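Below is one structure, written out as C-alpha cells; the observations come after it.
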Amino acid sequence: MKSTLVRTLGFFKPYWGLLLISALCSAIVGGMDGAIAYLVEPVLKKIFAGKDTGIFLLVPAGIVTLSVVRGFARFIYDSTIKQAGQKAIQDIRNSLYASTIRQDMAFYNRKATGELMSRMTNDISQMQEGIGQVVTGLFRDLISAVSLMGVIFYRNWELAIISFVVIPATAYPAQLIGKKIKNASGRSLNVMGGLTAILQETFSGVKVIKAFGLEKQTIASFQATNLEFFRQIRRYIKYESLAMPVSEAIISLGVAGVVYFGGSQVISGRMTPSEFFSFITAMVMVFTPIKKLQGSYNVLQRSGGAAERVFHLMDERRAIVDRPGAADMGRSSGRVEFRNVSFNYGGEPVLRNISLVAESSRMVALVGPSGGGKTTLVSLIPRFYDVSKGAIFIDGLDIRDVTVASLVSQIALVDQETILFNESIANNIRYGKPGANLEEVAEAAKAAFAHDFIQQLPDGYDTNIGDRGLRLSGGQRQRICIARAILKNAPILILDEATSALDTESEQMVQKALDNLMVNRTTFVIAHRLSTVLHADTIIVLEQGRIVESGSNDDLLKNSSLYSRLHSLQFSDRNAGNPSDEP
Ligand SMILES: Nc1ncnc2c1ncn2[C@@H]1O[C@H](COP(=O)(O)OP(=O)(O)OP(=O)(O)O)[C@@H](O)[C@H]1O
Ligand SMILES: [Mg+2]
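If you count by numbering that gives the first Met the number 0, then the sequence shown holds residues 0 to 582, one letter each, in order.
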C-alpha cells in the first residue's frame with residue numbers, strides 16, 4: 000500500500016512546480032482557519048469590554064477581506080492541484096497502455112480483453128477520483144487541522160488533551176470501515192471487468208448472436224452480471240455511508256466533554272469567556288478537516304486497491320525481451336533453420352523435436368491435420384512465443400540473440416484473420432511501412448490486385464475501413480492485408496491459411512497477389528488446400544507436433560503416406576466437382 004502511494008506520487012514529479020504553488024496556497028487557506036479561530040478571542044474581548052466601538056466596523060471588513068483572500072488562495076490551490084492530478088493520471092494511463100501493448104502473445108492468451116479494458120478505464124478512473132479528492136483535500140485539511148490544533152493548545156492545553164483523547168478513538172473504527180470499503184470496491188471492480196468483457200465480446204461477436212438468436216440469453220447473462228455488480232456496489236455504499244455517522248458520534252462525545260469541563264472552568268474563573276469561545280471555535284472548526292481527512296482515508300483505500308491492480312498489470316513480467324547486448328540483425332537473406340525445436344503452451348508438448356531448413360527465397364509448405372501445430376510452428380519465428388527446447392536461426396543467428404525489433408522487421412505475416420484498423424485504407428496498408436508515401440502504397444496495392452477495387456471506392460485510398468471492415472468482402476480485405484505485407488518488403492513471409500476463406504475466383508486473384516509477394520522471399524505457407532502448395536520447394540507434413548514426412552510434391556506422392564492420402568482425397572473430390580480446378 001505504501002509503495003503504491005509512493006509510486007503514484009512519483010507520477011507527480013514532473014509537475015512539482017504546480018504542486019509547489021498549490022502547497023503555498025493551501026498553506027494560506029489552512030493557516031487562515033487557524034487565524035480566524037485565534038482572532039475570536041481579541042475581538043470578543045474588545046467587544047465585551049464595550050469601549051472600542053471602531054471594532055464594529057473592523058470586524059465586518061475583516062471578515063470580507065479574510066474570506067476574499069482565502070477564496071482566492073483556494074481557487075489557485077484547487078485549479079493547480081487538479082491540473083497536476085489530471086496530468087499525472089494521463090501519464091499513468093499512457094504508461095499502462097505502453098507496457099500492455101508491448102506484452103507478448105502468451106500474456107494476451109492469459110488475459111481476457113475485457114479485463115485489460117477494465118484496468119485501462121475503470122481502475123484508472125478510480126485512481127483519478129482518489130487523486131482528485133485526496134490530493135486536493137489532503138494538503139489543505141492537514142494544514143488547517145494543524146493550525147487549528149495549534150490554537151486549541153495555545154488557548155488551553157488541559158482541555159485540548161481531554162478533547163484529543165477522542166480523536167484517536169475515531170481512528171480505529173475508521174480504519175476498520177476503510178478496509179471493508181477497499182475489499183468491497185475491489186470486488187465490484189472485478190465484476191465491472193466481467194461486464195466490460197461481456198460488452199466487448201457480444202458487440203464484436205454480434206453476428207453469431209444474431210445468427211443463433213441468442214439475444215435473450217445474452218441479455219440475461221448481462222443482467223445477471225450487472226445485478227452482481229449492484230450487489231457488490233451496495234455493500235460498498237453501505238460501508239461508505241457508515242463511515243461519517245460513526246465518526247461523528249464519537250466526535251460528539253469529545254465535544255460534550257469539552258463543553259462540560261470548559262464551561263466549569265469559565266464559571267470558576269480560570270478561563271475568560273473570550274478564550275473559551277476562541278477555543279470552542281477552533282474545536283468546532285477542527286472537526287471539519289479531521290472528518291474530511293477520514294473521508295480521504297476511505298477514498299484512498301478504494302483507489303489504492305485500483306492503483307495496486309494498475310501497477311500490478313504495469314509490472315507484469317515480459318517473457319520476450321531483448322537479451323542484454325542483443326544485436327540489430329540488419330536485413331537477412333531469409334534462411335530459416337529450426338534445430339531440434341520443441342514447444343508447449345504450458346501443458347502437453349505441441350511441437351516435438353522439429354528440425355527443418357528453409358533456404359533463402361525458397362517456399363516451404365506446412366500441411367497436415369487440424370491441431371497438428373502448423374500455426375504454432377510459424378508463430379515461433381517472430382518470437383510470438385519462445386521455444387521450449389532447441390533453437391531457431393535466421394542466417395545462422397539464434398533469433399533470441401538479436402533485437403526483437405530487428406527480428407520482426409524480417410518477417411511479413413498474412414493471416415487467415417484479416418485484421419484491419421478503423422482508419423483509411425492507405426493507412427491500413429501503411430502499417431507495413433510507416434511513413435510510406437501514397438505512390439508506394441498504391442504500388443503495393445497494385446501488386447496485391449487491390450488497386451482497382453480501392454479506386455472504385457467512394458474516397459479511394461482515403462476510404463475509412465469502418466469498424467471491423469464490414470463494408471469489404473473477405474477477398475478484398477485479404478488483398479489489403481497482402482498489400483500491407485508487400486509494402487513491408489521483408490525477406491521472410493508467413494502465409495497462414497491466407498486463402499482459405501475465399502471462393503475460387505477471389506482465391507485466384509489472391510493467389511496471384513501472393514505469387515507476386517513470394518518472389519525473392521523465403522515463404523512459409525500453411526494451407527489446407529493442397530493446390531496452393533503443390534509447387535512448394537519443400538512440403539512438410541505435421542501431425543501431432545511431429546514432422547511425419549517431408550519432401551517435394553513428387554517425393555511425397557511416391558510414398559503411400561498421409562500426404563498422398565490427403566492428396567487423393569482432395570483432388571478426386573475437386574475433380575469430380577469442378578474439373579477446371581485441376582492445377
Ligand atoms: N494459445 C494456445 N494456448 C494453448 N494451446 C494452444 C494455443 N494455440 C494452439 N494450441 C494448441 O496447440 C495445438 C496446435 O495448434 P495449432 O493452432 O498450431 O494447429 P494447426 O496445425 O495450426 O491447426 P489448424 O490447421 O486447425 O489451424 C492444438 O492442440 C491447440 O489446441
Ligand atoms: Mg492453424
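By construction, the Cβ of each residue, glycine as well, lies at the ideal position given by its N, Cα and C atoms.
Nothing here was measured: the structure is a model prediction, and the numbers come from that model.
Practice problem: Report yes or no: do three or more beta-carbon pairs, one from the stretch 436-453 and one from the stretch 367-383, lie closer than 8 Å? | Solution: In short, these stretches do not touch, since the Cβ pair count stays below three.
Practice problem: Considering only heavy atoms of ligand 2, list every residue whose Cβ is less than 7 Å from one of them, following chain order. | Solution: Those residues, listed in chain order, are Lys373, Thr374, Asp495, Glu496, Ile525.
Quiz item: Can Ser387 be considered in contact with ligand 1, in the sense that its beta carbon sits closer than 7 Å to one or more heavy atoms?
Solution: Residue 387 sits at position 388 when you count from the first residue of the sequence shown. Checking every heavy atom of ligand 1 against the Cβ of Ser387, none is found closer than 7 Å.
Quiz item: What is the DSSP secondary structure of Gly33, reduced to helix, strand or coil?
Solution: Counting from one through the sequence shown, the residue named residue 33 turns up at place 34. Three-state result, Gly33: helix.
Practice problem: Closer than 7 Å by C-beta to Pro368: which residues in its own chain qualify, once you throw out the five before and the five after it? Chain order, please. | Solution: Residue mapping note: residue 368 aligns to position 369 of the sequence shown, counting from 1. Around Pro368: Glu542.
Quiz item: Can we count Asn352 as close to ligand 1, meaning its CB is less than 7 Å from some heavy atom?
Solution: For the purposes of this step, residue 352 is taken as residue 353 along the sequence shown, with counting starting at 1. Within the chosen limit of 7 Å, ligand 1 does not reach the beta carbon of Asn352 with any heavy atom.
Quiz item: Closest to Met583 by CA distance: which of Ser146, Gly395, Gln454 is it?
Solution: Only positions 0 to 582 of the chain appear in the structure, and residue 583 is not among them; the question remains open.
Self-check item: Residue environment, Arg233, which counts as buried when at least 16 other CB atoms sit within 10 Å
Solution: Numbered from its first residue, the sequence shown carries residue 233 at position 234. Residue environment analysis places Arg233 among the exposed positions, since fewer than 16 neighbouring C-beta atoms fall within 10 angstroms of its C-beta.
Quiz item: Does the Cβ-Cβ distance between Gln409 and Glu496 come in under 8 Å?
Solution: Taking the first residue of the sequence shown as position 1, residue 409 is located at position 410. Taking the first residue of the sequence shown as position 1, residue 496 is located at position 497. Not in contact: Gln409 and Glu496 (Cβ atoms no closer than 8 Å).
Quiz item: Tell me which same chain residues have a C-beta within less than 7 Å of the C-beta of Phe278, skipping the five on either side of it?
Solution: As a working mapping, residue 278 is identified with position 279 in the sequence shown. Counting only Cβ-Cβ distances below 7 Å, and skipping sequence neighbours, we find Ile151, Arg154, Asn155, Leu158, Gly261.
Quiz prompt | The alpha helix (DSSP H) enclosing Phe276, as first and last residue numbers | solution = The sequence position of residue 276 within the sequence shown is 277, counting from 1. Run containing Phe276: 272-314, per the alpha helix (DSSP H) assignment.
Quiz item: Residue ranges of each alpha helix (DSSP H) run of no fewer than 4 residues wholly in the stretch 437-501, ordered along the chain?
Solution: Runs of the alpha helix (DSSP H) inside the stretch 437-501: 437-446, 450-455, 473-487.
Quiz item: How far does the alpha helix (DSSP H) with Leu115 in it reach, from first residue to last?
Solution: As a first step, residue 115 must be located in the sequence shown, where it is residue number 116. Run containing Leu115: 112-117, per the alpha helix (DSSP H) assignment.
Exercise. Would you kindly check if the distance between the Cβ of Leu292 and the Cβ of Leu141 is under 8 Å?
Key: Sequence index remark: in the sequence shown, residue 141 carries index 142 (1-based). Sequence index remark: in the sequence shown, residue 292 carries index 293 (1-based). Cβ atoms of Leu141 and Leu292: closer than 8 Å.
Quiz item: Taking just the CA atoms, how far does Ile75 sit from Ile46?
Solution: As a working note, residue 46 is residue 47 in the sequence shown. As a working note, residue 75 is residue 76 in the sequence shown. For Ile46 and Ile75, the distance between alpha carbons rounds to 35 Å.
Quiz item: Short check: CB of Ile525 to CB of Val403, under 8 Å?
Solution: The residue labelled residue 525 in the question sits at position 526 within the sequence shown. The residue labelled residue 403 in the question sits at position 404 within the sequence shown. Contact: no.
Exercise. Please indicate yes or no: does the CB of Val349 lie closer than 7 Å to some heavy atom of ligand 1?
Key: The residue given as residue 349 occupies position 350 in the sequence shown. Val349: yes, Cβ under 7 Å from ligand 1.
Quiz item: Does Ile491 get closer than 8 Å to chain D when you measure Cβ to Cβ?
Solution: Although the question refers to chain D, the structure presented lacks it and comprises just one protein chain.
Quiz prompt | Cβ neighbour criterion (16 or more within 10 Å) applied to Tyr171 | solution = Taking the first residue of the sequence shown as 1, we reach residue 171 at position 172. Answer is exposed; the Cβ neighbour count stays below 16.
Exercise. Would you mind giving the Cβ-Cβ distance between Tyr460 and Ala484, rounded to the nearest angstrom? I have them listed as a contact below 8 Å.
Key: Counting from one through the sequence shown, the residue named residue 460 turns up at place 461. Counting from one through the sequence shown, the residue named residue 484 turns up at place 485. With 8 Å as the limit, Tyr460 and Ala484 do not qualify as a contact, their Cβ atoms being about 17 Å apart.
Self-check item: C-alpha distance - Ala242 paired with Lys206, whole-angstrom precision
Solution: Against the sequence shown, residue 242 aligns to sequence position 243. Against the sequence shown, residue 206 aligns to sequence position 207. Roughly 48 Å between the two C-alpha positions.
Quiz prompt | Extent of the continuous beta strand (DSSP E) to which Ser369 belongs | solution = The residue given as residue 369 occupies position 370 in the sequence shown. Taken as a continuous stretch (DSSP letters only), Ser369 belongs to no beta strand (DSSP E), as it is neither H nor E.
Quiz prompt | Coarse secondary structure for Lys388, derived from DSSP in three states | solution = The count along the sequence shown starts at 1 and reaches residue 388 at position 389. In the structure shown, Lys388 sits in a strand (DSSP, three-state: E or B).
Quiz item: For Ala512, which residues from the same chain have a beta carbon less than 6 Å from its beta carbon, with the 5 sequence-adjacent residues on both sides left out?
Solution: Taking the sequence shown and counting its residues from 1, the one referred to as residue 512 is at position 513. For Ala512, same chain residues with a beta-carbon under 6 Å away, outside a window of 5 residues either side, are Ala447, Phe448, Arg478, Ile481 in chain order.
Quiz item: Roughly how many whole angstroms lie between the Cα atoms of Ala306 and Val63?
Solution: Numbered from 1 along the sequence shown, position 307 holds the residue referred to as residue 306. Numbered from 1 along the sequence shown, position 64 holds the residue referred to as residue 63. If I take the Cα positions, the gap works out to 42 Å.
Self-check item: As assigned by DSSP and simplified to three states, the class of Ala22
Solution: One-based indexing of the sequence shown puts residue 22 at position 23. Shown here, Ala22 sits in a helix according to DSSP, grouped into three states.
Quiz item: In whole angstroms, what separates the C-alpha of Gly468 from that of Phe420?
Solution: Translated into positions along the sequence shown, residue 468 becomes position 469. Translated into positions along the sequence shown, residue 420 becomes position 421. Residue placement at Gly468 is flagged as unreliable, the pLDDT there being 49, under the threshold of 50; the coordinate-derived value follows with that caveat. Taking the straight line joining both Cα atoms gives about 8 Å.
Exercise. To the nearest angstrom, report how far apart Val532 and Leu412 are at their CA atoms.
Key: Counted from its first residue, the sequence shown places residue 532 at position 533. Counted from its first residue, the sequence shown places residue 412 at position 413. So the alpha carbons of these two residues sit roughly 17 Å apart.
Practice problem: Return yes when at least one heavy atom of ligand 1 lies under 7 Å from the C-beta of Ser549, else no. | Solution: As a first step, residue 549 must be located in the sequence shown, where it is residue number 550. Distances from the CB of Ser549 to the heavy atoms of ligand 1 are all 7 Å or more.
Self-check item: Neighbourhood of Leu568 by C-beta, 8 Å cutoff - its chain only, sequence neighbours within 5 removed
Solution: The residue given as residue 568 occupies position 569 in the sequence shown. Within the same chain, Leu568 has no close Cβ partners at all.
Self-check item: CA-to-CA distance, Gly370 to Arg382, given in whole angstroms
Solution: Indexing the sequence shown from 1 puts residue 382 at position 383. Indexing the sequence shown from 1 puts residue 370 at position 371. Going from the Cα of Arg382 to the Cα of Gly370 covers about 20 Å.
Self-check item: Counterpart residues of Met362 in DSSP-defined beta bridges
Solution: Residue 362 sits at position 363 when you count from the first residue of the sequence shown. For Met362, the beta-bridge partners assigned by DSSP are Thr522.
Practice problem: Mark Lys12 as exposed unless 16 or more other C-beta atoms lie within 10 angstroms of its C-beta, in which case mark it buried. | Solution: For this step, residue 12 is matched to residue 13 along the sequence shown. Exposed: under 16 other Cβ atoms inside 10 Å.
Exercise. Evaluate contact between the stretch 186-196 and the stretch 240-258, counting only Cβ atoms and requiring at least three cross-stretch pairs below 8 Å.
Key: Taking a contact to require three or more Cβ pairs closer than 8 Å, the stretch 186-196 and the stretch 240-258 do not qualify as touching.
Practice problem: Using beta-carbon positions only, say whether Ala489 and Asp400 come within less than 8 Å of one another. | Solution: Indexing the sequence shown from 1 puts residue 489 at position 490. Indexing the sequence shown from 1 puts residue 400 at position 401. Not closer than 8 Å, so no.
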